[in-house]
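K.L.:
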Amino acid sequence: MNEPVNPSDTEQMDDAPRRRREPVFNLPPVVLAVIGICVVVYLLQQYVLSESQQMTLLYDGAFIPVLYTGQYGFDWFLFSRPFTYAFLHGGFAHLAINMVWLAAFGSPLANRLGTLWFALFFAATGLASVALFWAIHPYGEAPLVGASGAISGMMGAAARFGFRTDRSAGKAAFAGPVLPIAFVLRLRGVVIFLAMWMVINLATGLLGFAPGVDGQIAWEAHIGGFFAGFFGLRWFDRRWQAPEWETTDHRT
Numbered sequence: 049m050n051e052p053v054n055p056s057d058t059e060q061m062d063d064a065p066r067r068r069r070e071p072v073f074n075l076p077p078v079v080l081a082v083i084g085i086c087v088v089v090y091l092l093q094q095y096v097l098s099e100s101q102q103m104t105l106l107y108d109g110a111f112i113p114v115l116y117t118g119q120y121g122f123d124w125f126l127f128s129r130p131f132t133y134a135f136l137h138g139g140f141a142h143l144a145i146n147m148v149w150l151a152a153f154g155s156p157l158a159n160r161l162g163t164l165w166f167a168l169f170f171a172a173t174g175l176a177s178v179a180l181f182w183a184i185h186p187y188g189e190a191p192l193v194g195a196s197g198a199i200s201g202m203m204g205a206a207a208r209f210g211f212r213t214d215r216s217a218g219k220a221a222f223a224g225p226v227l228p229i230a231f232v233l234r235l236r237g238v239v240i241f242l243a244m245w246m247v248i249n250l251a252t253g254l255l256g257f258a259p260g261v262d263g264q265i266a267w268e269a270h271i272g273g274f275f276a277g278f279f280g281l282r283w284f285d286r287r288w289q290a291p292e293w294e295t296t297d298h299r300t
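Here the working numbering is used: the first residue of the sequence shown is 49, the next is one more, and so on.
(1) Between the alpha carbons of residue 106 and residue 231, how many angstroms are there, rounded?
(2) Kindly provide the ranges of any beta strand (DSSP E) runs that are 3 or more residues long and lie completely inside the stretch 180–234, ordered along the chain.
(3) How many whole angstroms separate the CB atoms of residue 177 and residue 206, which I take to be in contact at a CB cut-off of 8 Å?
(4) Please report how far the alpha carbon of residue 188 lies from the alpha carbon of residue 285, in whole angstroms.
(5) Quick check: the stretch 86–96 against the stretch 120–129, are at least 3 beta-carbon pairs closer than 8 Å?
(6) Whole angstroms are fine: how far does the CA of residue 182 sit from the CA of residue 104?
(7) How about residue 196 and residue 75: do their beta carbons lie closer than 8 Å?
(8) Hey, is the stretch 213–226 in contact with the stretch 264–279, meaning 3+ C-beta pairs nearer than 8 Å?
(9) Determine which residues share a DSSP beta bridge with residue 274 and list them.
(10) Please work out which residues of its chain come closer than 7 Å, Cβ to Cβ, to residue 118, disregarding the five sequence neighbours upstream and downstream, and give them in chain order.
(11) Should residue 95 go down as buried or exposed, given a rule of 16 or more other Cβ atoms within 10 Å for buried?
(12) How is the alpha helix (DSSP H) around residue 156 delimited, first residue to last?
(13) Hey, how far is the Cα of residue 161 from the Cα of residue 226?
(14) What whole-angstrom Cβ distance do residue 192 and residue 111 have, given they're in contact under 8 Å?
(15) How far does the alpha helix (DSSP H) with residue 104 in it reach, from first residue to last?
(16) Over what stretch of residues does the alpha helix (DSSP H) that includes residue 144 continue unbroken?
(17) Distance check for residue 240 and residue 109, CA to CA, integer angstroms please.
(18) Can you tell which of 190, 184, 175 has its C-alpha closest to the C-alpha of residue 200?
(19) Excluding sequence positions up to five away, which residues of its chain have a Cβ less than 7 Å from the Cβ of residue 125?
(20) Could you tell me the boundaries of the alpha helix (DSSP H) in which residue 266 lies?
(21) Go ahead and pull the three-state DSSP assignment for residue 76.
(22) For residue 90, count the other beta carbons within 10 Å of its own beta carbon; 16 or more makes it buried, fewer makes it exposed. Which is it?
(23) Can you give me the C-alpha to C-alpha distance between residue 179 and residue 252, rounded to a whole angstrom?
(24) In three-state DSSP terms, what is residue 129?
(25) What's the C-alpha gap between residue 209 and residue 153?
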């Protein structure tokens, strides 16, 4: 049996805002774009390119330290390899692990920085990763691939926010000002994370143990990206606001 509806109730129902449908992939477009490029490149490597074409892609797209010692002449890919290597991956597990961490740390950072500054941050931390890797292994011949260096930079950036996130706008974003390094190093949770991250990277890199990942882990690249994100975040955070202890208003 239906009950009569009060006209005032109908008006309230009409005035009530409709709930927005949550998107299937609640990730920033720039993060989805990076994930999409990495997945497409991997699928091309596995199912489309011939073996010789795969070798060409690896040589022209991966970062190979010895090519930057001046012994092998000049080619234009010397300018692009320090950036394109991040979109290549050595296997499905390598790709999957990186994309999960990218979604976890890249999404709140992209929502904070915006598309342009996030893209610049990704490129800069990726470049810092190969710079440190080259400084330690200038004559290395093994190609370096993967986005983990830039993702480590995102972890470093997250630490500078004290892992604080704001979801009031309907999407998670790192909140508050970029914390001073001295203040960050007094936060127990952040210090524990930094210590665990460093130990895990050194253990997997030096001992060569990483379940499901073939090849050696480039811990040097991870540290280079992490330090670049940790110390260089202020250059990319255009929404930075001075914390209370840095304001110039001394009226109180």
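Backbone N, C-alpha and C define an ideal beta-carbon position, used for all residues, glycine too.
P.N.:
Let's see:
(1) As a position in the sequence shown, residue 106 is number 58, starting the count at 1. As a position in the sequence shown, residue 231 is number 183, starting the count at 1. So the alpha carbons of these two residues sit roughly 43 Å apart.
(2) none
(3) Taking the sequence shown and counting its residues from 1, the one referred to as residue 177 is at position 129. Taking the sequence shown and counting its residues from 1, the one referred to as residue 206 is at position 158. Incorrect: roughly 17 Å between the Cβ atoms, too far for contact.
(4) Counting from 1 along the sequence shown, the entry for residue 188 is found at position 140. Counting from 1 along the sequence shown, the entry for residue 285 is found at position 237. Going from the Cα of residue 188 to the Cα of residue 285 covers about 35 Å.
(5) no
(6) Here residue 104 refers to the residue found at position 56 of the sequence shown. Here residue 182 refers to the residue found at position 134 of the sequence shown. Between residue 104 and residue 182, the C-alpha separation is close to 21 Å.
(7) Residue 196 sits at position 148 when you count from the first residue of the sequence shown. Residue 75 sits at position 27 when you count from the first residue of the sequence shown. Contact flag unset, no.
(8) no
(9) Working through the sequence shown from its first residue, we reach residue 274 at position 226. None; residue 274 has no bridge partner.
(10) Taking the sequence shown and counting its residues from 1, one reaches residue 118 at position 70. Around residue 118: no qualifying Cβ.
(11) Locating residue 95 in the sequence shown gives position 47, where the first residue counts as 1. Looking at its Cβ environment, which holds fewer than 16 other Cβ atoms inside 10 Å, residue 95 is exposed.
(12) Within the sequence shown, residue 156 is the residue found at index 108, counting from 1. Boundaries of the alpha helix (DSSP H) harbouring residue 156: 155–161, taken from the DSSP string.
(13) Here residue 161 refers to the residue found at position 113 when the sequence shown is read from its first residue. Here residue 226 refers to the residue found at position 178 when the sequence shown is read from its first residue. In a straight line, the C-alpha of residue 161 is about 12 Å away from that of residue 226.
(14) By one-based count along the sequence shown, residue 192 stands at place 144. By one-based count along the sequence shown, residue 111 stands at place 63. So it is a contact: roughly 4 Å between Cβ atoms.
(15) As a position in the sequence shown, residue 104 is number 56, starting the count at 1. Unbroken alpha helix (DSSP H) run through residue 104: 99–109.
(16) For the purposes of this step, residue 144 is identified with residue 96 of the sequence shown, where counting begins at 1. Its alpha helix (DSSP H) spans residues 140–149.
(17) Within the sequence shown, numbered from 1, the residue matching residue 109 stands at position 61. Within the sequence shown, numbered from 1, the residue matching residue 240 stands at position 192. Taking the straight line from one Cα to the other gives about 36 Å.
(18) Within the sequence shown, residue 200 is the residue found at index 152, counting from 1. Measuring from the Cα of residue 200, the nearest candidate turns out to be 175.
(19) Here residue 125 corresponds to residue number 77 of the sequence shown, with the count starting at 1. Same-chain partners within the cutoff: 108.
(20) Here residue 266 corresponds to residue number 218 of the sequence shown, with the count starting at 1. Run containing residue 266: none; DSSP gives neither H nor E here.
(21) What you label residue 76 is simply residue 28 of the sequence shown in a count that begins at 1. The answer is coil: DSSP assigns residue 76 none of H, G, I, E or B.
(22) In the sequence shown, residue 90 corresponds to position 42, counting from 1. Residue 90 is buried by the Cβ-count criterion.
(23) Here the question's residue 179 lines up with position 131 in the sequence shown. Here the question's residue 252 lines up with position 204 in the sequence shown. One C-alpha to the other measures close to 20 Å.
(24) Here residue 129 refers to the residue found at position 81 of the sequence shown. Here residue 129 sits in helix by DSSP.
(25) Here residue 209 is taken as the residue at index 161 of the sequence shown, counted from 1. Here residue 153 is taken as the residue at index 105 of the sequence shown, counted from 1. Cα to Cα, residue 209 sits roughly 12 Å from residue 153.
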